Structure formats: C-alpha cells, structure tokens
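K.L.:
First, the structure itself, so that you have it in front of you.
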Amino acid sequence: MQEKPRITFKNIVTTLNNVQYQKSKRAKGVFQVSVKETVEVLEATYNRFALSFSRHITVSPESLFELVVTYHVEGEVDEQALTTLNQQNTTLRQFIETSKKTIVQTQNVVGHSSLLIAQITAYNERNPLVLQPFLHKGEPKKTSFTQ
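Under this note's numbering, the first residue of the sequence shown is numbered 21, with each subsequent residue one higher.
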C-alpha cells in the first residue's frame, strides 16, 4: 500500500456555519441521546478545498430537544503539495476525502462543537449535554442525559 503523502495546508479558515435548535418540552428524567456526526467534502478543486462537519443530536423517548451544529473548514494547498500529490497519482479530492476526519480534528472543530452544544443545552440553568471533543467511530454514539 502506498504511503499517504504529507501535505501542508495554508490559509485554513474554520467557521460556524449553522445551528438548529428545536426545543420540544421541558421535562425531567433520564433520556437517551443519539449523536450522529458527518464529515463531507463540499469542494476540492485545483488547490482549494472545503469540508463540512455536523453533529446531529436527538433525545428520546420524549423529544426534549433536537440540535444540529455545522461547521465549515476551507483551505488551500501550494504548488509543492500539488506536485507531491501528482507524483503519487492522487487528486486533491482523493487526498481530502481520505484526510477529512484528521483535518476536522486538527482544526479543533469537534472540540468547538462540544463546547457550543454544552452551552446551548445548559441554557436556563439546565444540565449541559457534554460530548467528548473527538470524532466517534462507526455508528451514531448513544449515551444517557439527565435533566
């Protein structure tokens, strides 16, 4: 298997793109929380790329709230990086596709989303939903939440 090329990124900008919060009712008890994370490549053309990272949180059995937080990460690579990718017969899109989770983690997008989710869910003196600041592997993460 060919080793993944080491590429240095430049001009990386991370922005909060969207927050959707739907509060259904004020309830107390222990709830099951499902966290679904997605990282997708929005664009990878010539030397620029854009990624989207989303965390979608649902609570059951009663729908206490639903929350979606989305961040975008945009950046560039220089000519040297493009030459390295070309020598490895790899397109920028292929490289970004295989590196997207590492990029999102390195840019601390997951940590920022955890902090924002805790702040939103702690509103009105409620117990915050604190999620770990790293990507979960595989199926949506399920956990308990006491309110």
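Even glycine gets a Cβ: it sits at the ideal position worked out from N, Cα and C.
Small disclaimer: the values here were computed from a predicted structure and weren't measured.
Considering glycine 131, what are the terminal residues of the alpha helix (DSSP H) in which it resides?
P.N.:
Working through the sequence shown from its first residue, we reach residue 131 at position 111. Counting along the chain, the alpha helix (DSSP H) containing glycine 131 begins and ends at 129 to 141.
K.L.:
So is tyrosine 91 buried or exposed if we call it buried at 16+ other beta carbons inside 10 Å?
P.N.:
Translated into the one-based positions of the sequence shown, residue 91 becomes position 71. Label assigned to tyrosine 91: buried.
K.L.:
What does the alpha-carbon distance come out to for the pair isoleucine 77 and arginine 113?
P.N.:
As a first step, residue 77 must be located in the sequence shown, where it is residue number 57. As a first step, residue 113 must be located in the sequence shown, where it is residue number 93. Cα to Cα, the separation comes out at about 29 Å.
K.L.:
My assumption, with CB atoms under 8 Å, is that glycine 131 sits in contact with proline 148. Please give the rounded CB distance.
P.N.:
The residue labelled residue 131 in the question sits at position 111 within the sequence shown. The residue labelled residue 148 in the question sits at position 128 within the sequence shown. Rounded, the Cβ-Cβ distance is 15 Å, inconsistent with contact.
K.L.:
Could you tell me if arginine 75 is buried or exposed, where buried requires 16 or more neighbouring beta carbons within 10 angstroms of its beta carbon?
P.N.:
If you number the sequence shown from 1, residue 75 lands on position 55. Arginine 75 is buried by the Cβ-count criterion.
K.L.:
Would you say isoleucine 140 and valine 61 are within 7 Å of each other, going by their C-beta atoms?
P.N.:
Taking the sequence shown and counting its residues from 1, one reaches residue 140 at position 120. Taking the sequence shown and counting its residues from 1, one reaches residue 61 at position 41. Taking 7 Å as the Cβ cut-off, isoleucine 140 and valine 61 do not qualify as a contacting pair.
K.L.:
Can you list, in chain order, the stretches of the alpha helix (DSSP H) that have 4 or more residues and sit fully within the segment 49 to 110?
P.N.:
Segments of the alpha helix (DSSP H) lying fully in the segment 49 to 110: 99 to 107.
K.L.:
If you drop the 5 nearest sequence neighbours on each side, which residues of the same chain put their C-beta closer than 8 Å to that of aspartate 98?
P.N.:
Counted from its first residue, the sequence shown places residue 98 at position 78. Only Thr28, Lys30 and Asn67 meet the Cβ criterion.
K.L.:
Among Leu71, Val79 and Gly95, which one has its Cα closest to the Cα of lysine 121?
P.N.:
In the sequence shown, the residue the question calls residue 121 occupies position 101. Closest option to lysine 121, Cα to Cα, is Leu71.
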